[in-house]
Amino acid sequence: MTGVPVLDLAGVAFAYPDGRQALFGVDLRVDRGERVALLGPNGAGKTTLVLHLNGILRPGAGSVTVSGTPVEKATLAQVRRQVGIVFQDPDDQLFSGTVADDVAFGPRNAGVRGPELDRRVAAALEQVGMAAYADRAPHHLSFGQRRRVAIATVLVMEPEVLVLDEPSSNLDPASRRELADLLGTLDVTVLMVTHDLPYALQLCERSVVLSEGVVVADAPTYDVLTDAALMARHRLELPFGFDPRAVGNVHP
Amino acid sequence: MGAGHGHGAGRSLHHPGRSRVHRAPAHLKVVALVTFMLVVVATPRGASWAPVAYAAYGACVLAVVLAARVPVLFVVRRMVVELPFVVFAVLVPFVATGPRTEVLGLTVSEPGLVAAGHLLAKGTIGVAAALTMASTTTARELLGGLERLRMPALLVEIMGFMLRYVDVVTGEWSRMLVAMRSRGCDPRSPRHWGTLARGLGALFIRSYERGERVHLAMLSRGYDVGRAR
Numbered sequence: 038m039t040g041v042p043v044l045d046l047a048g049v050a051f052a053y054p055d056g057r058q059a060l061f062g063v064d065l066r067v068d069r070g071e072r073v074a075l076l077g078p079n080g081a082g083k084t085t086l087v088l089h090l091n092g093i094l095r096p097g098a099g100s101v102t103v104s105g106t107p108v109e110k111a112t113l114a115q116v117r118r119q120v121g122i123v124f125q126d127p128d129d130q131l132f133s134g135t136v137a138d139d140v141a142f143g144p145r146n147a148g149v150r151g152p153e154l155d156r157r158v159a160a161a162l163e164q165v166g167m168a169a170y171a172d173r174a175p176h177h178l179s180f181g182q183r184r185r186v187a188i189a190t191v192l193v194m195e196p197e198v199l200v201l202d203e204p205s206s207n208l209d210p211a212s213r214r215e216l217a218d219l220l221g222t223l224d225v226t227v228l229m230v231t232h233d234l235p236y237a238l239q240l241c242e243r244s245v246v247l248s249e250g251v252v253v254a255d256a257p258t259y260d261v262l263t264d265a266a267l268m269a270r271h272r273l274e275l276p277f278g279f280d281p282r283a284v285g286n287v288h289p
Numbered sequence: 139m140g141a142g143h144g145h146g147a148g149r150s151l152h153h154p155g156r157s158r159v160h161r162a163p164a165h166l167k168v169v170a171l172v173t174f175m176l177v178v179v180a181t182p183r184g185a186s187w188a189p190v191a192y193a194a195y196g197a198c199v200l201a202v203v204l205a206a207r208v209p210v211l212f213v214v215r216r217m218v219v220e221l222p223f224v225v226f227a228v229l230v231p232f233v234a235t236g237p238r239t240e241v242l243g244l245t246v247s248e249p250g251l252v253a254a255g256h257l258l259a260k261g262t263i264g265v266a267a268a269l270t271m272a273s274t275t276t277a278r279e280l281l282g283g284l285e286r287l288r289m290p291a292l293l294v295e296i297m298g299f300m301l302r303y304v305d306v307v308t309g310e311w312s313r314m315l316v317a318m319r320s321r322g323c324d325p326r327s328p329r330h331w332g333t334l335a336r337g338l339g340a341l342f343i344r345s346y347e348r349g350e351r352v353h354l355a356m357l358s359r360g361y362d363v364g365r366a367r
């Protein structure tokens, strides 16, 4: 783990215009190739933090650096190519008439045109197993398919880090597993916001717990999930019948 | 499905096919339709040849419908949208002033009758032509056509969003209605119109917030209004 971190947040604090403070000095470093789960109860500031990663929100104090580039007005276009955010509701992310158009949206904004654009769109759809649906309208797809297309719309930008907001929410168990298989095949740094603790254990070797706007734990996922006191303190609960010890540490 | 049509309002208007009319570029169809309508509307009221002209226009539309292999009944059934217009046209001879004449034993205004006839002919031809266009062109093709006709990209984009989200918003509304009904509200009863209005308000807020989230998602993928497309 040498070199410049992909994501480097130092003392990030943020208050909404109405005065409600959401982040109180967050430090977070994610290195290339890591898969990190961002855990925390509702209202912990997870989504607020995510919106800082590509400069949608700007910290009131502290700094966000993406692969050595500070996030500021002049670097926004570059940073938004480097950080790919997949939002929770695919209907928010997919707004074009066809799947292919939607996947082409990001690269087109970056000035990619012609055969190069077609090639990248096809490759991204291939990656998520949705190549056969290129000409379909997004609203005709199942929820799981829409989620996969939403991931393709971001992969096509060839981001350095993929940020997923609740990737397993609203998916049936089969789609949830298919998505895990897909995420397992991607060779990209991942930051995954989730309440789905078994999913975090399966996919991410490291977990960061955000609670009331600060990072309260940053450790291997297995250690976090087996620390009963920490879990209870921050309203994290394992689903009924799930025991991480029975699964074991899948990322030793 | 392949062409990506079939959303909300467009679902029932489009008749998929592979005819020459279907395949013609949408921008040509738009220009042809607008030109045709202008000619129809410009037909002078007083001209003695007007009925012949109307018959010719009608024949034109019919020819296109047949060439497109769209069942004539498909178009005729959808012409019910003209109904309020027809009612209005039928009323004109009764309320208009001027010399009176007898039709089927009723005394009606003669200029009114002429006006109504013209109104009805022009309206019917216009509706039929527009429906022919709609039945042979998907909404997405139409947007592409408007774009090629140099309609401002922002307007085309907004229309595209409307097409994309009409199903999402109506779906949300029908789920809200189901939830209201489940708690004993009857949307048909005037007693519950207040609830209904508040529901619509909530729907508006939700849609507005969704618009904001979509905008965020667009910004995240490098969208910049200044240099859109």
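In order, the protein sequences belong to chains A and B.
Under our numbering, the first sequence has 166 at position 129, and the numbering climbs by one with no breaks.
Under our numbering, the second sequence has 149 at position 11, and the numbering climbs by one with no breaks.
We put the beta carbon where it would ideally sit given N, CA and C, even for glycine.
(message) Between A:F142, A:V149 and A:L238, which has its C-alpha nearest V191 of chain A's C-alpha?
(response) It is A:F142.
(request) Figure out for me which residue from A:V63, A:A237, A:E197 and A:P54 has the closest Cα to the Cα of L216 of chain A. (result) The option with the nearest alpha carbon to L216 of chain A is A:A237.
(request) Enumerate in chain order the residues of its own chain whose CB-to-CB distance from N91 of chain A is below 7 Å, with the five nearest sequence positions on each side excluded. (result) Contacts found: V116, R117, V120 and I122.
(request) State the Cα-Cα distance for the pair R149 of chain B and R207 of chain B, rounded to the nearest angstrom. (result) Any reading at R149 of chain B must be qualified, since the residue scores a pLDDT of 46, below 50, and its modelled position is unreliable; the value itself is stated next. C-alpha separation (whole angstroms): 18 Å.
(request) Between the Cα of L275 of chain A and those of A:L223, A:E153, A:P235 and A:S133, spot the shortest distance and give me the residue it belongs to. (result) If we check each option's Cα against that of L275 of chain A, A:P235 comes out closest.
(request) Could you work out which residues of chain A lie near A355 of chain B, taking near to mean beta carbons separated by less than 7 Å? (result) Residues of chain A passing the Cβ test: F124, D129 and Q130.
(message) Taking 7 Å as the limit between beta carbons, can you name the residues of its chain near A317 of chain B, skipping five residues before and five after?
(response) For A317 of chain B, where only same-chain residues beyond five positions count, there are no Cβ hits under 7 Å.
(request) Could you tell me whether the Cβ of Y346 of chain B comes closer than 8 Å to any Cβ of chain A? (result) Cβ-Cβ to chain A under 8 Å: no for Y346 of chain B.
(request) Could you please give the first and the last residue of the uninterrupted beta strand (DSSP E) stretch that includes S247 of chain B? (result) Its beta strand (DSSP E) spans residues L244 to S247.
(request) Would you identify the three-state DSSP class for I188 of chain A, choosing helix, strand or coil? (result) For I188 of chain A, the secondary structure class from DSSP, reduced to helix, strand or coil, is helix.
(request) Alpha carbon to alpha carbon, how far is V233 of chain B from D128 of chain A? Give it in angstroms, no decimals. (result) Their backbone Cα atoms lie some 52 Å apart in a straight line.
(request) Check whether the Cβ atoms of R157 of chain A and V193 of chain A sit closer than 8 Å, and answer yes or no. (result) Yes, these two residues count as a Cβ contact at 8 Å.
(message) Just checking: is the beta-carbon of G360 of chain B within a distance shorter than 8 Å of some beta-carbon in chain A?
(response) Yes, G360 of chain B counts as interfacial toward chain A.
(request) Just the chain A side, please: which residues come within less than 7 Å of F299 of chain B by C-beta, in chain order? (result) Neighbours of F299 of chain B in chain A, taken as residues at a C-beta separation under 7 Å, are given in chain order as F132.
(request) Taking only the alpha-carbon atoms, compute the straight-line gap between D209 of chain A and L221 of chain B and give it to the nearest angstrom. (result) CA-CA distance, D209 of chain A to L221 of chain B, rounds to 47 Å.
(message) Give me the subset of the segment 282-308 of chain B whose CB atoms are less than 7 Å from a CB atom of chain A, sorted by chain position.
(response) When CB distances to chain A are screened at a threshold of 7 Å, the residues of the segment 282-308 of chain B falling below it are G298, F299, L301, R302, D305 and V306, in chain order.
(message) Pop quiz: A161 of chain A and A189 of chain A are said to be a contact at Cβ under 8 Å. What is the actual Cβ separation, rounded to whole angstroms?
(response) Confirmed, about 4 Å.
(message) Please state the DSSP three-state secondary structure of M194 of chain A.
(response) If DSSP states are grouped into helix, strand and coil, M194 of chain A belongs with coil.
(request) Can you say whether K167 of chain B is buried or exposed, counting buried as having 16 or more other CB atoms within 10 angstroms of its CB? (result) Counting Cβ neighbours within 10 Å, K167 of chain B comes out buried, since at least 16 surround it.
(request) Classify P107 of chain A as helix, strand or coil using the three-state DSSP reduction. (result) Reduced to three states, the DSSP call for P107 of chain A is strand.
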